[in-house]
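Heads up: the structure comes next, in C-alpha cells.
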Amino acid sequence: MASYLQIADDEKGHELDLFCVPRHYENDLDKVIIPHGLIMDRTERLARDIIRDMGGHHIVALCVLKGGYKFFADLLDYIKALNQNSDKSVPLTVDFIRVKSYCNDKSTNNVKVIGGDELSSLSGKNVLIVEDIVETGRTMQTLLSLLSECNPKMVKVVSLLVKRTPRSSGYRPDYIGFEVPDAFLVGYALDYNEYFRDLSHICILNDQAKEKYKV
Ligand code: IMP
Ligand code: MG
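Just so you know, the sequence shown maps onto residues 214 to 428 in the working numbering.
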C-alpha cells in the first residue's frame with residue numbers, strides 16, 4: 214500500500230494572510246490547505262520512491278493535462294536531479310494526454326480523452342501516469358483500461374492528491390502525495406472551471422466563489 218501524508222478532515226489550514234496569494238483570488242478562498250513548499254518537499258520524496266521502483270529501465274512519463282502539469286514539471290525536475298547526481302540513471306521521455314470529466318465542482322460520468330499522442334506509442338514501455346487528483350477514480354480507471362489495450366510493459370500511477378470520499382470507486386494509485394478531505398481544492402494547476410491554476414498553494418474554494426465562477 215502506498216504511503217502518503219494525510220490531511221485530516223478537521224485540518225484548519227492556514228490563514229491566507231500568512232502567504233502570498235494573487236489579489237484577484239483573495240475573496241474566493243477559505244484557507245491554504247497545502248502550502249507550495251510542502252508540495253515540493255513531498256514531491257521530492259515521491260521522485261525518489263518512483264526511481265527506486267521503476268529505475269531499471271527507460272520511463273515514459275505521461276502527464277494528464279491540464280491539472281497535472283505543475284506536479285508533472287516539478288516531479289520530473291526531481292527525477293532529473295536524481296538522474297544527474299547518482300551513478301545509476303534512467304532515460305526519461307514525456308508524453309501528454311488531455312482528459313476532461315468535470316463541470317463546476319462535480320465529476321460527470323462522462324470521461325473524455327481529448328488530444329495527446331497516439332497511445333499506441335506506449336506499447337512495450339514502462340509508463341508512469343502523472344495525475345493531479347483522484348476523486349471517484351473513474352478518470353484513472355478509464356485511462357488505465359485505454360492504456361492496457363496498447364500493451365505497455367509496466368504502468369504505474371502517481372497522483373499528488375487522493376480525496377477521502379464516499380464517492381470513491383476504491384481505486385488507489387501506486388504513489389500518493391497527500392490524502393485530502395472531501396472538499397473542492399484549487400491551486401497548483403487544479404482548477405475550478407479553468408480558474409485558480411495560477412495560484413501556487415493548494416486552497417479550499419469558498420461557496421461564494423463556486424457561484425462567481427460557475428458556468
Ligand atoms: P475522478 O475521475 O472523480 O477521480 O476525478 C478526477 C479528476 O477530476 C481529476 O483529474 C481532476 O481534474 C478533477 N477533480 C477532482 N476533484 C477535484 C478538486 O477538488 N479540484 C479540482 N479538480 C478536481
Ligand atoms: Mg486531472
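Note that CB positions come from ideal geometry on N, CA and C, so glycine has one too.
Exercise for the section: Could you tell me the distance, in whole angstroms, from the CA atom of I327 to the CA atom of R311? Expected result: When rounded, the distance between both Cα atoms is 5 angstroms.
Exercise for the section: Name the residue from S361, A294, V324 whose alpha carbon lies nearest to the alpha carbon of V350. Expected result: Checking the displayed sequence, the identity of residue 350 turns out to be Gly instead of Val. Cα-wise, what sits closest to G350 is V324.
Exercise for the section: Please classify F285: does DSSP put it in a helix, a strand, or coil? Expected result: helix
Exercise for the section: Would you mind giving the Cβ-Cβ distance between I417 and I247, rounded to the nearest angstrom? I have them listed as a contact below 8 angstroms. Expected result: That pair is no contact at about 10 angstroms.
Problem - Residues near M367 by beta carbon distance below 6 angstroms, same chain, minus five either side - result: N339
Practice task
Go ahead and label M353 buried or exposed: buried means 16 or more other beta carbons lie within 10 angstroms of its beta carbon, across all protein chains shown.
Solution key: Around the beta carbon of M353, 16 or more other beta carbons lie within 10 angstroms, which makes this residue buried.
Exercise for the section: With E344 as the anchor, note down where its beta strand (DSSP E) starts and where it stops. Expected result: 339-347
Handout entry: For R258 and V371, the rounded distance between their alpha carbons
Key = 12 angstroms
Exercise for the section: Go ahead and label A286 buried or exposed: buried means 16 or more other beta carbons lie within 10 angstroms of its beta carbon, across all protein chains shown. Expected result: Its Cβ having fewer than 16 others within 10 Å, A286 is exposed.
Exercise for the section: Indicate the three-state DSSP secondary structure (helix, strand or coil) for L356 in the structure shown. Expected result: helix
Handout entry: Own chain partners of A260 with C-beta closer than 7 angstroms, once the 5 adjacent residues on each side are dropped
Key = Leaving aside the five residues that flank A260 on each side, the residues in its chain whose CB is nearer than 7 angstroms to its CB run, in chain order, L288, Y291, I292, L295.
Handout entry: Cβ-Cβ separation, L335 to L360 (assumed contact under 8 angstroms), whole Å
Key = 7 angstroms
Practice task
Hey, could you find the ends of the alpha helix (DSSP H) D266 is sitting in?
Solution key: In this chain, the alpha helix (DSSP H) harbouring D266 covers 249-267.
Problem - Local Cβ density within 10 Å of K319, reported as buried at 16 or more and exposed below that - result: exposed
Practice task
Starting from E392, follow the beta strand (DSSP E) in both directions and report where the run begins and ends.
Solution key: 388-393
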